[in-house]
Amino acid sequence: MPVIGFLHSASPGPFAHLVAAYRQGLKDTGYVEGENLAVEYRWAEGQFDRLPSLAADLVRRDVRLIAAFGGSTSPLAAKKATATIPIVFSSGEIDPVKSGLVVSLNRPGGNVTGVSPMTGVLLAKRLELLREITPRAGLVGYLLNSSNPNSENQSRDVHEAARALGLELHAQSVSSDPDFETAFEGFSRRRVGALFVGNDPFFLARRQQIVALAARYSLPASYFSREFVAAGGLMSYAASFVDGYRLAGLYSGRILRGEKPSDLPVVQSVKFELVLNLKIAKALGIDVPPTLLTAADEVIE
Numbered sequence: 363m364p365v366i367g368f369l370h371s372a373s374p375g376p377f378a379h380l381v382a383a384y385r386q387g388l389k390d391t392g393y394v395e396g397e398n399l400a401v402e403y404r405w406a407e408g409q410f411d412r413l414p415s416l417a418a419d420l421v422r423r424d425v426r427l428i429a430a431f432g433g434s435t436s437p438l439a440a441k442k443a444t445a446t447i448p449i450v451f452s453s454g455e456i457d458p459v460k461s462g463l464v465v466s467l468n469r470p471g472g473n474v475t476g477v478s479p480m481t482g483v484l485l486a487k488r489l490e491l492l493r494e495i496t497p498r499a500g501l502v503g504y505l506l507n508s509s510n511p512n513s514e515n516q517s518r519d520v521h522e523a524a525r526a527l528g529l530e531l532h533a534q535s536v537s538s539d540p541d542f543e544t545a546f547e548g549f550s551r552r553r554v555g556a557l558f559v560g561n562d563p564f565f566l567a568r569r570q571q572i573v574a575l576a577a578r579y580s581l582p583a584s585y586f587s588r589e590f591v592a593a594g595g596l597m598s599y600a601a602s603f604v605d606g607y608r609l610a611g612l613y614s615g616r617i618l619r620g621e622k623p624s625d626l627p628v629v630q631s632v633k634f635e636l637v638l639n640l641k642i643a644k645a646l647g648i649d650v651p652p653t654l655l656t657a658a659d660e661v662i663e
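Be aware that the sequence shown starts at 363, since it is given in my numbering, and climbs by one per residue.
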């Protein structure tokens with residue numbers, strides 16, 4: 363029975379539905395965990411500095427493949443740990459070519475391939491949509507996690523997009539649970555009119571807490587995944603995480619069947635979706651522009 367390693371930067375609970383999507387991708391290629399496949403799970407619990415040792419542990423276990431999720435740090439840690447064991451990733455935080463994960467998108471060339479929806483390039487679009495739904499917001503709050511190694515690059519891109527749109531940002535960094543209250547109190551003191559939540563697996567794992575605080579402080583917020591809106595957030599524009607994990611499962615199964623990661627192009631054609639929650643919009647006193655309602659892929663009422 364082949365054994366694969368599953369490496370993730372966050373915690374298992376909030377990502378259970380995405381693990382299920384990965385398993386579905388494996389199942390579609392004929393592999394079912396517990397029947398003809400074993401999986402060794404390694405979760406960093408939001409502590410990014412643990413990823414290198416977790417990846418090294420999977421290499422010592424001599425797994426057939428490593429599936430790396432939860433931002434840019436997991437696939438980079440896996441690649442540093444092994445140049446021979448196949449690695450499949452799904453992350454929109456990282457440019458696979460610029461980071462050195464692959465030689466090119468069409469011909470990865472090494473032991474790494476996966477799914478890269480490039481959600482980072484959607485930061486400007488998310489800001490634009492947030493301005494459209496909150497045109498009178500003079501100051502926009504920006505929630506980021508400075509402990510994430512990718513935060514500096516992401517922050518630069520967000521600030522550049524804000525300047526291009528004529529928006530002023532007030533950033534607050536959160537890297538632990540107690541920091542959330544402090545951050546939202548800071549937004550309140552500065553009287554921000556809207557909130558932009560940065561792409562980070564730590565935030566996705568704490569989506570219930572963030573959505574509840576946004577409601578308490580009456581902040582219309584833009585999120586990087588549908589899961590926030592389903593939890594009671596206002597809006598999201600992002601690639602489908604479920605689709606990304608399922609595609610990673612498909613690639614994992616194909617590699618287990620003998621295909622080489624160097625021959626499997628990095629997938630970029632994942633589904634992008636705009637999701638709106640009209641109940642939350644009404645509670646915030648927001649009239650959603652008809653153009654947004656028409657463009658929405660899903661409207662929660």
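Beta carbons: idealized from backbone N, C-alpha and C, even for Gly.
Report yes if the CB atom of Ala418 is closer than 8 Å to the CB atom of Ile428, and no otherwise. no
Contact defined as beta carbons within less than 8 Å: I believe Val604 pairs with Ser598. What is the distance between those atoms, to the nearest angstrom? Not really, about 13 Å apart at Cβ, beyond 8 Å.
So, at 6 Å on beta carbons, what are the nonlocal neighbours of Pro448 in its own chain, with the 5 sequence-adjacent residues on each side left out? Close CB contacts of Pro448 within its chain, under the 6 Å cut and outside five residues either way in sequence, are with Leu427, Asn473, Ile617 and Pro623 (chain order).
Does Thr544 pass the burial test, meaning 16 or more other C-beta atoms within 10 Å, or should it be called exposed? Under this definition Thr544 is an exposed residue.
Length-filtered (4 minimum) alpha helix (DSSP H) runs lying within the region 541 to 602: Counting only runs of 4+ residues, the alpha helix (DSSP H) found wholly inside the region 541 to 602 occupies 541 to 552, 563 to 567, 569 to 578 and 588 to 592, in chain order.
Would you list the one or two residues that DSSP bridges to Ser452? Partner residues in the beta bridge of Ser452, as assigned by DSSP, are Phe431 and Val477.
With 16 other Cβ atoms within 10 Å as the buried cut-off, status of His379: exposed
Do Gly408 and Ala645 count as a contact pair if the criterion is CB distance below 8 Å? no
Return helix, strand or coil for Ser517, following the three-state DSSP convention. Secondary structure at Ser517: helix, using DSSP grouped into helix, strand and coil.
Does the region 398 to 416 come close enough to the region 364 to 375 to have 3 or more Cβ pairs within less than 8 Å? yes
Name the DSSP bridge partner or partners of Tyr403? Phe368
How about Glu522 and Leu501: do their beta carbons lie closer than 8 Å? No Cβ-Cβ contact shorter than 8 Å links Glu522 with Leu501.
Does DSSP put Ile642 in a helix, in a strand, or in coil? helix
With a Cβ-Cβ cutoff of 8 Å, do Val477 and Pro470 count as a contact? Against a cut-off of 8 Å, the Cβ pair of Pro470 and Val477 comes out as no contact.
Can you have a look at Gly647 and say buried or exposed, based on whether 16 or more other CB atoms are within 10 angstroms of its CB? exposed
Please tell me whether Ala583 and Ala556 are closer than 8 Å, where the distance is taken between their beta carbons. yes
Contact under 8 Å by Cβ, Ala445 with Val421: For the pair Ala445 and Val421, the CB atoms are not nearer than the 8 Å cut-off.
According to DSSP, is Gln386 part of a helix, a strand, or is it coil? helix
Residues that DSSP places opposite Val379 in a beta bridge: Residue 379 is actually His in this sequence, not Val. The partner list for His379 (beta bridge, DSSP) is empty, contrary to what the question assumes.
Close beta carbons around Ala372, own chain, < 8 Å, minus the five adjacent residues each side: Trp405, Ala406, Glu407, Gly408, Gly432, Pro563, Phe564, Leu566 and Ala567
Give the C-beta separation of Phe410 and Ser509 to the nearest angstrom, bearing in mind that I take them to be a contact with Cβ-Cβ under 8 Å. Sure, about 6 Å apart at Cβ, within 8 Å.
Just to confirm before moving on: does the CB-CB distance between Asn512 and Ile456 stay below 8 Å? yes
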